[in-house]
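Peer 1: Once you know that position 124 of the sequence shown is 124 in our numbering, the rest is easy, because the numbers rise by one and skip nothing.
Right, I'll just put the structure down here and ask away after.
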Amino acid sequence: MLLGAIVAAAMATVPAVSRTSDDLFNPHTLQRIDLWLNAADWAKLRQNFQKNTYYPADLTWNGITVNNVGIRSRGLGSRSSTKPGLRVDFDRYSTRQEFLRLKSFILDNLTQDHTGIKESVVMRFYERLGIPGPRETHTRLYVNGQYAGLYGLVESVDKTMMGRVFGSINGNVQNDGYLFEYNYVLDSPWRFEYEGPALAPYKARFDIKTNESHAESTIWGPIEEMVRIANESTSADFEQAIGTRIDLPALTRFLAAQNFVADHDGLNGYAGMNNFYLYRLENSPTHVLIAWDEDNAFRQTDYQVDARITENVLTSKLLANTTYVSQYYGVLLEAADSATGWLQQEMQRQFDLIHQAMLEDRLKPYSNVEYETARHSLLAFPDARITYVRCEVSKLTNQALPSGCR
């Protein structure tokens, strides 16, 4: 096992001198990834797809082979025995093993998105708007030489990504803060209500991903404090009370961008908050949001620009402040301008990239006809959404209506 780990590290490291994770997540390339593992293990993974059991495998990409990686089934509603979503951990069996300086990545089975591109398009769009999120592209996945379907290739939200997104502070990489994945608790929709001083409710909702060994009061105490202050403050003193605990301009930008793409299962989701990471900056009480899981975007072109804002304690008080409501409308218009001439072209480019691989994917839970229908519908979204947002913001700000308004 030790010899295998040494060989794996060498094979993963030497070719990577000329290749980086930017090559892996190149949005203009349809990748090919091969997984090689014991056939019995693959059968067990598919049979027990609801479990997070890891299995050893070898991975090959672009002529580079990494031995003894760990793979497991992943997802919530997207879990599948036919076409399992996968998490790939390079350091599962060898703690120092990396690949292109990555410790892991996600293979998204795309079972909940008939277009196959919603999330990857959104993440590219968020990048244009300065919203932090993972890099994404697409790959053909082969398991033991057999085509296993078209997958989304998604960067893991971890310390490596935090360093890439937030850069350095005083010469040190900004990745030693506290990273949380929001955990949607079934039958308990949450909209930032205060749940008391005990830390258990916040621990249940915010799954710690870094500094796990620190004291619970150090990890979740600042979240309890932030939620309590948000609930206790008035609209008048909200900014002063909570502004050091969450980056309010960044929150406003995130909220507006997510509304523009009409994602109804995000920060102000139809069933409460969902699908985001929270990062508390290193040596700071300030939290920022990280985008995640946007395959429910592009819901409808007339998705209201103030959808569910008043249902959430945090966002209702945020946008009761004239400074932030003005910024919110401004970011919506910025998003409309950025989408003009780009969003539809990006959708078409990604469709062209994945089209044949999608048609050849016999394991996806929808037909090629359903894919083609969804594709046609998505391409019609940008122009209609841009017009709708511009018109609604103009109405809400008492500005002259642009052409095309109803």
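Backbone N, C-alpha and C define an ideal beta-carbon position, used for all residues, glycine too.
Computed from a predicted model, the values in this text were never measured in an experiment.
Measuring only from the beta carbon, is Gly-145 closer than 6 Å to any heavy atom that is part of the ligand GDP?
Peer 2: Of ligands this structure carries none, so the ligand GDP is not represented either.
Peer 1: Below 8 Å, how does it come out for the stretch 327-345 and the stretch 80-87: are there three or more Cβ pairs, yes or no?
Peer 2: With a cut-off of 8 Å, the stretch 80-87 and the stretch 327-345 do not count as touching, because too few Cβ pairs lie within range.
Peer 1: For Gly-133, which residues in the same chain have their Cβ closer than 6 Å to its Cβ, ignoring the five residues on either side in sequence?
Peer 2: Walking along the sequence shown from the start, residue 133 turns up at place 133. So the list reads Met-123, Tyr-126 and Ala-291, once near-sequence residues are dropped.
Peer 1: Applying the criterion that 16 or more other CB atoms from any shown protein chain within 10 Å of the CB defines a buried residue, is Asp-263 buried or exposed?
Peer 2: By one-based count along the sequence shown, residue 263 stands at place 263. Buried, since its Cβ has 16 or more Cβ neighbours within 10 Å.
Peer 1: Measuring straight from C-alpha to C-alpha, what distance separates Ser-156 and Phe-105?
Peer 2: On the sequence shown, position 156 is the one that residue 156 refers to. On the sequence shown, position 105 is the one that residue 105 refers to. The straight-line gap from Cα to Cα measures roughly 5 Å.
Peer 1: Report all residues from its chain with a CB closer than 8 Å to the CB of Glu-311; omit the five preceding and five following residues, and keep chain order.
Peer 2: Reading the sequence shown from its first residue, position 311 is the one you call residue 311. If we look at Glu-311 and ignore the five residues flanking it on each side, its Cβ neighbours are Arg-191 and Asn-268.
Peer 1: Take Asn-296 and list the residues in its own chain whose beta-carbon comes closer than 7 Å to its own, dropping the five residues that flank it on each side.
Peer 2: Within the sequence shown, the letter at position 296 stands for residue 296. Once the five neighbours on either side are set aside, the close Cβ partners of Asn-296 are Asp-263, His-264 and Asp-265.
Peer 1: How many Å lie between Lys-103 and Gly-63 at the Cα?
Peer 2: Taking the sequence shown and counting its residues from 1, the one referred to as residue 103 is at position 103. Taking the sequence shown and counting its residues from 1, the one referred to as residue 63 is at position 63. C-alpha separation (whole angstroms): 19 Å.
Peer 1: Does the stretch 350-365 come close enough to the stretch 136-155 to have 3 or more Cβ pairs within less than 8 Å?
Peer 2: Verdict: yes, contact present.
Peer 1: Taking the C-alpha atoms as reference points, what is the distance between Val-313 and Val-154?
Peer 2: The residue labelled residue 313 in the question sits at position 313 within the sequence shown. The residue labelled residue 154 in the question sits at position 154 within the sequence shown. Distance between the alpha carbons of Val-313 and Val-154: 31 Å.
Peer 1: Evaluate Asp-187 with the Cβ neighbour count: other Cβ atoms within 10 Å of its Cβ, from every protein chain shown; 16 or more gives buried, anything less gives exposed.
Peer 2: Residue numbering aside, residue 187 sits at position 187 when the sequence shown is read from its first letter. Exposed, because fewer than 16 other Cβ atoms sit within 10 Å of the Cβ of Asp-187.
Peer 1: Just to confirm before moving on: does the CB-CB distance between Arg-46 and Ser-81 stay below 7 Å?
Peer 2: Here the question's residue 46 lines up with position 46 in the sequence shown. Here the question's residue 81 lines up with position 81 in the sequence shown. Cβ atoms of Arg-46 and Ser-81: closer than 7 Å.
Peer 1: What's the gap between the Cα of Thr-234 and the Cα of Asp-293?
Peer 2: Counting from one through the sequence shown, the residue named residue 234 turns up at place 234. Counting from one through the sequence shown, the residue named residue 293 turns up at place 293. Looking at the two C-alpha atoms, the distance is approximately 32 Å.
Peer 1: At what residues does the alpha helix (DSSP H) containing Val-393 begin and finish?
Peer 2: Translated into positions along the sequence shown, residue 393 becomes position 393. Run containing Val-393: 381-396, per the alpha helix (DSSP H) assignment.
Peer 1: Take the Cβ of His-287 as the centre, count every other Cβ of all protein chains shown within 10 Å, and call the residue buried at 16 or more, exposed below.
Peer 2: Working through the sequence shown from its first residue, we reach residue 287 at position 287. Label assigned to His-287: buried.
Peer 1: Do Glu-392 and Val-305 have their C-beta atoms within less than 7 Å of each other?
Peer 2: Locating residue 392 in the sequence shown gives position 392, where the first residue counts as 1. Locating residue 305 in the sequence shown gives position 305, where the first residue counts as 1. Result yes, Cβ atoms of Glu-392 and Val-305 sit closer than 7 Å.
Peer 1: For Gln-399 and Asp-247, what's the separation of their Cα atoms in angstroms?
Peer 2: The residue given as residue 399 occupies position 399 in the sequence shown. The residue given as residue 247 occupies position 247 in the sequence shown. Those two C-alpha atoms are separated by around 29 Å.
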